[in-house]
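FYI, our numbering numbers position 53 of the sequence shown as 73, with every residue one higher than the one before it.
We put the beta carbon where it would ideally sit given N, CA and C, even for glycine.
Given the structure is predicted, the values throughout are model-derived calculations rather than measurements.
What follows is a single structure, written as structure tokens, with notes after it.
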Amino acid sequence: MSNEIEQIAKGSLDSLFSKVSQMWTNRRLKKRLKSMLNDKRFPNGYRSISQLQEGIGKDDGATKELLIAIGARKSENSDEWTLNPPR
């Protein structure tokens with residue numbers, strides 16, 4: 021019985037640690053994306069999805085999910101993203 025309780029507790033702690041770790045990772049990646057989109061070397065405020073993916077080391081789907089979470093929007097004409105409001 022005691023061994024079962026230990027296993028349940030360990031599983032719960034592992035799950036909690038995993039979720040907290042993912043939360044901190046996403047927070048860091050969102051900060052990096054914002055920094056990339058606000059980079060003054062790109063005066064129009066747009067960056068390609070491939071640049072953003074490379075900058076955070078994530079695939080297309082994960083990068084787009086994080087971009088949406090920070091309020092970025094995709095260009096209507098290309099696969100570029102920005103934090104600027106629509107004109």
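Terminal residues of the beta strand (DSSP E) in which E100 lies = Counting from 1 along the sequence shown, the entry for residue 100 is found at position 80. For E100, the uninterrupted beta strand (DSSP E) run begins and ends at 100-102, by DSSP.
Could you tell me whether the Cβ atoms of T83 and L53 are closer together than 9 Å?
-> Taking the sequence shown and counting its residues from 1, one reaches residue 83 at position 63. Taking the sequence shown and counting its residues from 1, one reaches residue 53 at position 33. Yes.
Cβ of R67 within 9 Å of Cβ of D59?
-> Against the sequence shown, residue 67 aligns to sequence position 47. Against the sequence shown, residue 59 aligns to sequence position 39. Yes, they are a contact pair.
Nearest-angstrom Cα separation, counted from L33 out to D79 = Position 59 of the sequence shown holds residue 79. Position 13 of the sequence shown holds residue 33. Each residue's CA atom was taken as its position, placing D79 and L33 some 28 Å apart.
Does DSSP put R107 in a helix, a strand or coil?
-> What you label residue 107 is simply residue 87 of the sequence shown in a count that begins at 1. The answer is coil: DSSP assigns R107 none of H, G, I, E or B.
Reference I76, options G65, P105, N46, N64, closest by Cα | Position 56 of the sequence shown, counted from the start, is the residue given in the question as residue 76. It is N46.
State buried or exposed for W101, treating a residue as buried only when at least 16 other CB atoms are found within 10 Å of its CB.
-> Translated into positions along the sequence shown, residue 101 becomes position 81. So W101 ends up on the buried side.
May I have the straight-line CA-CA distance separating L72 from S38, to the nearest angstrom?
-> Looking up residue 72 in the sequence shown gives position 52. Looking up residue 38 in the sequence shown gives position 18. Straight-line Cα distance between these residues: approximately 25 Å.
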